[in-house]
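> Start counting the sequence shown at 1; every next residue gets the next number (UniProt numbering). No residue lacks a Cβ here, since even glycine has one placed at the ideal position from N, Cα and C. Quantities reported herein were computed from a predicted structural model and do not represent experimental measurements.
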Amino acid sequence: MTINVGLVGYGLSASVFHGPIIQRIEGMRLKAIVSSNAEKVNRDYPDVEVFDDVDSMLLRGEIDLVVICTPNTTHYEFAKKAILAGKHVVVEKPFTVDASEAEELISLAKAQGVNLSVYQNRRWDNDFLTIKALLETGMLGKLSTYEAHFDRFRPVIRDRWREKNLPGSGILYDLGSHLIDQALNLFGMPQTLWADIRSERDGGQTDDYFHLILGYPNLRVILHSGSLVKLAGPRFVLHGDRGSFVKYGLDPQEDQLKLGMHPGDSGWGEDRPELYGKLSTVVGGLSMEAIISTIPGSYEAFYQGMAAAIQSGAPVPVQAEQARDTIRIIEYALQSHREQRTIQIPSQEGAK
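1) Using the Cβ count rule (16 or more neighbours within 10 Å means buried), how would you classify residue 169?
2) Does DSSP put residue 342 in a helix, in a strand, or in coil?
3) Take residue 240 and list the residues in its own chain whose beta-carbon comes closer than 7 angstroms to its own, dropping the five residues that flank it on each side.
4) Does the pairing of the region 187-195 with the region 208-215 give three or more beta-carbon distances under 8 angstroms?
5) Using the C-alpha atoms, what's the distance from residue 25 back to residue 165?
6) Would you identify the three-state DSSP class for residue 143, choosing helix, strand or coil?
7) Classify residue 158: buried if its beta carbon has 16 or more other beta carbons within 10 angstroms, exposed otherwise.
8) Do you know how far the Cα of residue 254 is from the Cα of residue 31?
9) Look up residue 285 in the DSSP assignment and give the residues it is bridged to.
10) For residue 249 versus residue 235, is the C-beta spacing smaller than 8 angstroms?
11) Hey, would you say residue 97 sits closer than 8 angstroms to residue 117, going by beta carbons?
12) Less than 8 angstroms separating the beta-carbons of residue 173 and residue 72?
13) Would residue 105 pass as a contact of residue 83 if the rule is Cβ separation under 8 angstroms?
14) Using 10 angstroms around the beta-carbon of residue 247, count the other beta-carbons present and answer buried if the total reaches 16, otherwise exposed.
15) Whose CA, out of 327, 129, 152, lies closest to the CA of residue 276?
16) Alpha carbons only, please: which of 310, 288, 223, 10 is nearest the one belonging to residue 149?
17) What residue does the beta strand (DSSP E) around residue 171 start on, and which one ends it?
18) Helix, strand or coil: which one does DSSP assign to residue 32?
19) Curious, which full-length beta strand (DSSP E) runs of at least 3 residues does the region 243-307 contain?
20) Where does residue 26 fall in DSSP's three states?
21) Which two residues bound the contiguous alpha helix (DSSP H) that contains residue 41?
22) Go ahead and pull the three-state DSSP assignment for residue 198.
23) CA-CA distance, residue 93 and residue 285?
24) How would you label residue 3, buried or exposed, when you count the other beta carbons within 10 angstroms and need 16 or more for buried?
25) Taking DSSP as the reference, what is the three-state secondary structure of residue 352?
26) Can you give the Cα-Cα distance for residue 350 and residue 189, rounded to whole angstroms?
27) Output the boundary residues of the beta strand (DSSP E) element that contains residue 368.
28) In or out: residue 153 buried (at least 16 other Cβ within 10 Å) or exposed?
29) Name the one or two DSSP bridge partners that residue 239 has.
30) Is the region 324-335 close to the region 268-283, with three or more CB pairs under 8 angstroms?
31) What are the start and end residues of the beta strand (DSSP E) that includes residue 92?
32) Can you grab the Cα-Cα spacing for the pair residue 179 / residue 127, in whole Å?
33) Spatial neighbours of residue 198 within its chain, please: CB distance less than 6 angstroms, with the 5 preceding and 5 following residues excluded, ordered by chain position.
34) Cα separation between residue 52 and residue 202?
35) With DSSP collapsed to three states, give me the class of residue 335.
36) On a Cα-Cα basis, can you pick out the residue from 115, 134, 138 that is closest to residue 309?
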């Protein structure tokens, strides 16, 4: 069975992260794209049909999977239309602007009998894959602190929707969705949350800095992002009662895609040796330090998982319920910052 895919939107997300990867997935074919810039689409994909709007594309019976790559405020509307049309759906992160929208889409997809997933691609970053594998070895012992940074140096505000005063805009919804999803993937929903969110650049219309502390019984998860970080520190820092792990550098797949590389190309997702993480631990009472080779990243794994879900009923690669929980954490973070207090998260949240 060939899965015909329709992309909604053709900005950075669709043209860099989705289209090139979908084209390399066995059993998938990029069939249609909704865009106001047909010339740009035709230059990249001359055999793909271009539509002016979502409704026109959904009338095509050949489309099996719809991928929503439009501004955050449109995710709910377009995903709902696609689900009601009986299509499987992938939504670019963040899933929705608020959790109630996410809940409605989840219920609707179940009622329609279609697969619904969210493109949390950084679960397949090389550094995160390495950390997951390291934690499974138990070499750090009982984890006490997990700290993840996604810092950038962008002192000049860009004229784009992500930096406008719009629902779902700002760095917390953008980069925060990645860091929160990774943390929840490892540790589940926290018991408490404290957040500091601000605009640190002159003239900013939305947040461009956040510092979150997620509280677990014996663990603190620190998630941080800033826009004025010229000299970045570690990307990940983990401390446990048997040792520590520190990792610098960012997964290369985004830059590789921008340079025209694809999954399967030589060096795809591979880390530079000088950026390999450093482990300091205790083995048999002896202190030991080691360099941990980074597991190659694999963004293609998401769409391989979607193909398996559609073709054979396998679980989707990112459950919509998990992506909904990420939106809940964002909402709790906004509440914490607004009320200047630590939020107690109901114990049943993750089970809803």
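Reading it off the structure:
1) Position 169 of the sequence shown, counted from the first residue, corresponds to residue 169. Per the 10 Å Cβ criterion, buried.
2) Here residue 342 refers to the residue found at position 342 of the sequence shown. The answer is coil: DSSP assigns residue 342 none of H, G, I, E or B.
3) Translated into the one-based positions of the sequence shown, residue 240 becomes position 240. Within the same chain, residue 240 has close Cβ partners 140, 141, 142, 143, 144.
4) yes
5) Here residue 165 refers to the residue found at position 165 when the sequence shown is read from its first residue. Here residue 25 refers to the residue found at position 25 when the sequence shown is read from its first residue. Between residue 165 and residue 25, the C-alpha separation is close to 37 angstroms.
6) Against the sequence shown, residue 143 aligns to sequence position 143. If DSSP states are grouped into helix, strand and coil, residue 143 belongs with the strands.
7) As a working mapping, residue 158 is identified with position 158 in the sequence shown. It is exposed - the Cβ of residue 158 has fewer than 16 other Cβ atoms within 10 Å.
8) As a working note, residue 31 is residue 31 in the sequence shown. As a working note, residue 254 is residue 254 in the sequence shown. Their Cα atoms are separated by approximately 23 angstroms.
9) The sequence position of residue 285 within the sequence shown is 285, counting from 1. In the DSSP output, where bridge partners are listed per residue, residue 285 has none listed.
10) Along the sequence shown, one-based indexing puts residue 249 at 249. Along the sequence shown, one-based indexing puts residue 235 at 235. Yes, they are a contact pair.
11) If you number the sequence shown from 1, residue 97 lands on position 97. If you number the sequence shown from 1, residue 117 lands on position 117. Their beta carbons are not under 8 angstroms apart, which means residue 97 does not touch residue 117 by this criterion.
12) Here residue 173 corresponds to residue number 173 of the sequence shown, with the count starting at 1. Here residue 72 corresponds to residue number 72 of the sequence shown, with the count starting at 1. Cβ distance < 8 angstroms, so residue 173 and residue 72 count as in contact.
13) Locating residue 105 in the sequence shown gives position 105, counting from the first residue. Locating residue 83 in the sequence shown gives position 83, counting from the first residue. For residue 105 and residue 83, yes; Cβs fall inside 8 angstroms.
14) Translated into the one-based positions of the sequence shown, residue 247 becomes position 247. It is buried - the Cβ of residue 247 has at least 16 other Cβ atoms within 10 Å.
15) If you number the sequence shown from 1, residue 276 lands on position 276. Here the closest residue by C-alpha is 129.
16) In the sequence shown, the residue the question calls residue 149 occupies position 149. Nearest of 310, 288, 223, 10 to residue 149, Cα basis: 223.
17) Translated into the one-based positions of the sequence shown, residue 171 becomes position 171. Segment 171-187 is the alpha helix (DSSP H) holding residue 171; no beta strand (DSSP E) there.
18) By 1-based counting over the sequence shown, the position of residue 32 is 32. Residue 32: strand per DSSP, three-state reduction.
19) 243-247, 277-283, 286-292
20) Within the sequence shown, residue 26 is the residue found at index 26, counting from 1. Residue state, collapsed to three classes: coil.
21) Counting from one through the sequence shown, the residue named residue 41 turns up at place 41. Taken as a continuous stretch (DSSP letters only), the alpha helix (DSSP H) holding residue 41 covers 38-44.
22) Residue mapping note: residue 198 aligns to position 198 of the sequence shown, counting from 1. In the structure shown, residue 198 sits in a strand (DSSP, three-state: E or B).
23) The residue given as residue 93 occupies position 93 in the sequence shown. The residue given as residue 285 occupies position 285 in the sequence shown. If you take the alpha carbons of residue 93 and residue 285, they lie about 45 angstroms apart.
24) Against the sequence shown, residue 3 aligns to sequence position 3. The residue in question, residue 3, is buried, as its Cβ has 16 or more Cβ neighbours within 10 Å.
25) Mapped onto the sequence shown, residue 352 falls at position 352. Any reading at residue 352 is ruled out, since the residue's pLDDT is 40, under 50, leaving its predicted position unreliable.
26) The residue you call residue 350 lines up with position 350 of the sequence shown. The residue you call residue 189 lines up with position 189 of the sequence shown. Note that residue 350 has pLDDT 45, beneath the 50 cutoff, so the model's placement of it is unreliable and no number is given.
27) Nothing can be reported for residue 368: it is not among the residues displayed for the chain, which extend from 1 to 352.
28) The count along the sequence shown starts at 1 and reaches residue 153 at position 153. Residue 153 should be labelled exposed.
29) Translated into positions along the sequence shown, residue 239 becomes position 239. Bridge partners of residue 239: 145, 244.
30) no
31) Counted from its first residue, the sequence shown places residue 92 at position 92. Segment 88-92, the beta strand (DSSP E) holding residue 92.
32) Within the sequence shown, numbered from 1, the residue matching residue 179 stands at position 179. Within the sequence shown, numbered from 1, the residue matching residue 127 stands at position 127. In a straight line, the C-alpha of residue 179 is about 12 angstroms away from that of residue 127.
33) Here the question's residue 198 lines up with position 198 in the sequence shown. Once the five neighbours on either side are set aside, the close Cβ partners of residue 198 are 209.
34) Within the sequence shown, residue 52 is the residue found at index 52, counting from 1. Within the sequence shown, residue 202 is the residue found at index 202, counting from 1. If you take the alpha carbons of residue 52 and residue 202, they lie about 37 angstroms apart.
35) If you number the sequence shown from 1, residue 335 lands on position 335. Reduced to three states, the DSSP call for residue 335 is helix.
36) The residue labelled residue 309 in the question sits at position 309 within the sequence shown. When only C-alpha atoms are compared, the closest one is 115.
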